[in-house]
Structure formats: structure tokens, C-alpha cells
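J.: Would you mind keeping the following structure in view while I ask a few things?
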Amino acid sequence: MGCFECCIKCLGGVPYASLVATILCFSGVALFCGCGHVALTGTVTLLENHFSKVTSDHAVLTDVIQLMQYVIYGIASFFFLYGIILLAEGFYTTSAVKELHSEFKTTICGRCISGLFVFLTYILGVAWLGVFGFSAVPVYVFYNVWSTCAAMRSPVVNVTSVESICVDVRQFGIIPWNATPGKACGSTLGDICNTSEFYLSYHLYIVACAGAGATVIALIHFLMILSANWAYLKDASHMHAYQDIKSKEEQELQDIQSRSKECLNSYS
């Protein structure tokens with residue numbers, strides 16, 4: 019076999035579906051973790067500079083944000099390893115790879131591991147649906163602030179009523195009601211919308227939400243792949259059992275025929 023034929027045969031054993039799902043999963047998790055981490059830092063800066071001047075008012079929120087950032091580190095590390103494991107499982111359960119290794123046989127342990135991956139991926143998919151919904155909350159909050167600033171800059175707004183347009187972040191439950199000042203009005207609100215922290219955090223939250231959605235799609239893709247692979251392993255195990263029974267019956271038939279010939283030869 020030449021080099022070209024070997025390359026074609028090796029490329030035929032690549033689980034492209036698992037490879038695409040892995041790339042999509044890595045991209046989604048990277049966007050969610052990276053953008054979410056930076057956006058959370060920008061959110062703390064905005065609150066400290068414009069909405070909560072007293073440190074004790076937003077101390078709990080700061081601790082929660084720091085905890086979420088540590089959780090992001092864990093999520094990134096876990097899904098990096100989990101994606102590699104699922105990709106390796108795809109390599110070893112793809113039918114093309116089984117054709118390259120003609121002596122491949124399934125075991126009960128292998129089928130149980132594939133079933134465990136199906137169950138775990140399903141649980142992670144449901145969890146990431148919750149993460150996707152949760153990541154849309156800061157997008158909603160920032161969009162409200164941005165739309166208020168856009169409405170304030172609208173030419174139809176009466177100039178004398180600009181200072182009466184306010185955004186109170188306390189109503190979103192971000193900071194307690196006793197936080198001062200807790201809200202921004204008029205030109206102060208316009209200045210907040212023009213800051214780099216607000217602009218960057220708003221767009222990073224959007225990208226993080228999109229990354230969470232991409233991760234959900236990747237996990238659904240993985241779930242379909244793993245379910246198909248598990249079904250293939252189950253059918254392959256039945257086929258191996260059938261072939262073993264068939265080979266035993268053929269061997270017994272050959273033994274009977276050989277003994278019959280020996281008996282005929284002895285009589286003759």
C-alpha cells in the first residue's frame with residue numbers, strides 16, 4: 019500500500035462529527051469563559067465608580083462575582099479534558115476505525131462507558147441550558163441601560179426632561195436598596211454609557227451568551243453522536259456473539275463429519 023492510500027485510509031477513520039462537535043464545544047466554552055471573566059470585572063468597576071460608592075454595600079456582590087470567576091476557571095479546565103475524552107471515544111467507536119482494526123471487539127465495560135458518557139453529556143446539556151439562560155440576564159440589564167441612554171439622546175426628547183430620565187440598578191437586585199447612589203440620571207447616565215467599561219462589558223456579555231448557546235449546540239451534537247456510537251457498540255456485540263455461536267456450530271459439524279468418516283473407514 020502506497021503513502022497516498024495510507025493517508026486516504028487514515029482520513030477515513032477520522033470521526034468528523036465528533037471533531038466538529040469538539041471544535042464547537044471548545045470555541046463556545048472559550049468565548050463564555052474568557053468574555054464572561056472580563057465582563058464581570060468590568061461590571062464591578064462600573065458599580066464601584068457609579069452606583070455604589072460604599073464598599074460594604076456591594077461586598078456580597080463582589081464576593082459572588084469572584085466566586086463566579088473561579089467557577090469559570092473550573093469550567094474551562096473540565097470541558098477541555100471532557101472534550102478530548104469525547105473526541106477519543108469518537109475515534110475508537112467510529113465504524114471506519116473498527117474496519118482498520120479487524121480484531122476489534124466490544125466488551126461490557128466499553129458499552130457501559132459509552133452509556134455513561136451519554137448520561138453525563140445529557141446532564142451537562144441540561145445544565146448548560148440553565149447557564150445559557152443565566153448568561154442572558156446581564157445582557158438584558160445592560161440592554162435596558164443602553165436603550166435608556168439611546169432614548170435620552172433621541173431628538174424627540176424634551177431637553178428639560180433629560181435629567182428626569184434615570185436608571186436604578188437596585189431594581190434588578192444587583193445591589194441592595196440602601197446602596198448609594200444606586201441610580202444614575204441625565205448627563206451622568208449618558209457619561210456611563212460612553213465609558214469603555216460599559217461598552218466593553220455589554221458586548222462581552224453578548225459574546226459570552228452566544229458562547230453558551232454554542233456550547234449547548236455542541237453538547238446536543240455530542241449526545242447524538244454518543245447515542246449512535248452506543249447503538250453501534252450494542253449491535254456489534256450481538257454480531258460478535260452470533261459469529262462465535264456460528265463458528266462453534268461449524269466446528270461441531272466438522273467434528274461430526276470427521277468422526278463419521280473415521281467410522282466408515284473402520285467398517286471398510
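Counted the way the numbering used here counts, the sequence shown spans residues 19 to 286. Every residue gets a Cβ at the ideal spot worked out from N, C-alpha and C, and that includes glycine.
According to the neighbour-count rule (16 or more other Cβ atoms, all chains shown, within 10 Å of its Cβ), is methionine 86 buried or exposed?
T.: Here residue 86 corresponds to residue number 68 of the sequence shown, with the count starting at 1. With fewer than 16 other Cβ atoms within 10 Å, it is exposed.
J.: Leucine 104 and phenylalanine 135 - do their beta-carbons sit closer together than 8 Å?
T.: For the purposes of this step, residue 135 is taken as residue 117 along the sequence shown, with counting starting at 1. For the purposes of this step, residue 104 is taken as residue 86 along the sequence shown, with counting starting at 1. Cβ distance < 8 Å, so phenylalanine 135 and leucine 104 count as in contact.
J.: Under 6 Å Cβ to Cβ from valine 159, same chain only, skipping five residues before and after it: list those, please.
T.: Taking the sequence shown and counting its residues from 1, one reaches residue 159 at position 141. Taking valine 159 as the centre and dropping the five residues before and after it, the same chain places the C-beta of Phe190 closer than 6 Å to its C-beta, in chain order.
J.: Name the one or two DSSP bridge partners that valine 185 has.
T.: Here residue 185 corresponds to residue number 167 of the sequence shown, with the count starting at 1. Partner(s): Ala202.
J.: Determine which residues share a DSSP beta bridge with serine 70 and list them.
T.: As a first step, residue 70 is located in the sequence shown; it is residue number 52 there, counting from the start. In DSSP, serine 70 forms a bridge with Pro199.
J.: Measuring alpha carbon to alpha carbon, tell me which of Leu58, Met242 and Ser45 ends up nearest tyrosine 88.
T.: What you label residue 88 is simply residue 70 of the sequence shown in a count that begins at 1. Out of Leu58, Met242 and Ser45, Leu58 has the C-alpha closest to the C-alpha of tyrosine 88.
J.: Check whether the stretch 198 to 215 and the stretch 60 to 79 touch, using three or more Cβ-Cβ pairs below 8 Å as the test.
T.: yes
J.: Hey, how far is the Cα of leucine 147 from the Cα of alanine 226?
T.: By 1-based counting over the sequence shown, the position of residue 147 is 129. By 1-based counting over the sequence shown, the position of residue 226 is 208. Answer to the nearest angstrom: the Cα atoms are 13 Å apart.
J.: What does the Cβ neighbour count give for phenylalanine 50, buried or exposed, with the cut at 16 atoms within 10 Å?
T.: Counted from its first residue, the sequence shown places residue 50 at position 32. The residue in question, phenylalanine 50, is buried, as its Cβ has 16 or more Cβ neighbours within 10 Å.
J.: Are cysteine 167 and leucine 207 touching if we call contact CB-CB under 8 Å?
T.: Sequence index remark: in the sequence shown, residue 167 carries index 149 (1-based). Sequence index remark: in the sequence shown, residue 207 carries index 189 (1-based). Against a cut-off of 8 Å, the Cβ pair of leucine 207 and cysteine 167 comes out as a contact.
J.: Buried or exposed, going by whether 16 or more other CB atoms sit within 10 Å of the CB of isoleucine 243?
T.: Your numbering for residue 243 matches position 225 in the sequence shown. Answer is buried; the Cβ neighbour count reaches 16.
J.: Going by beta-carbon coordinates alone, are proline 199 and glycine 108 separated by less than 8 Å?
T.: Taking the first residue of the sequence shown as position 1, residue 199 is located at position 181. Taking the first residue of the sequence shown as position 1, residue 108 is located at position 90. No; because the gap between Cβ atoms is not below 8 Å, this pair is not in contact.
J.: Return the chain-ordered list of same chain residues with a C-beta closer than 8 Å to the C-beta of lysine 71, the five sequence neighbours on each side being excluded.
T.: If you number the sequence shown from 1, residue 71 lands on position 53. Result list for lysine 71: Thr198 and Pro199, in chain order.
J.: Hey, could you find the ends of the alpha helix (DSSP H) aspartate 81 is sitting in?
T.: As a working note, residue 81 is residue 63 in the sequence shown. Segment 77 to 111, the alpha helix (DSSP H) holding aspartate 81.
J.: By how many angstroms is the C-alpha of glycine 54 removed from the C-alpha of cysteine 211?
T.: Along the sequence shown, read from residue 1 onward, the residue named residue 211 stands at position 193. Along the sequence shown, read from residue 1 onward, the residue named residue 54 stands at position 36. If you take the alpha carbons of cysteine 211 and glycine 54, they lie about 19 Å apart.
J.: Using the three-state DSSP reduction, which class does valine 32 fall into: helix, strand or coil?
T.: Within the sequence shown, the letter at position 14 stands for residue 32. Coil at valine 32, not helix or strand.
J.: Alpha carbon to alpha carbon, how far is isoleucine 193 from leucine 241?
T.: For the purposes of this step, residue 193 is taken as the residue at position 175 of the sequence shown. For the purposes of this step, residue 241 is taken as the residue at position 223 of the sequence shown. Cα to Cα, the separation comes out at about 39 Å.
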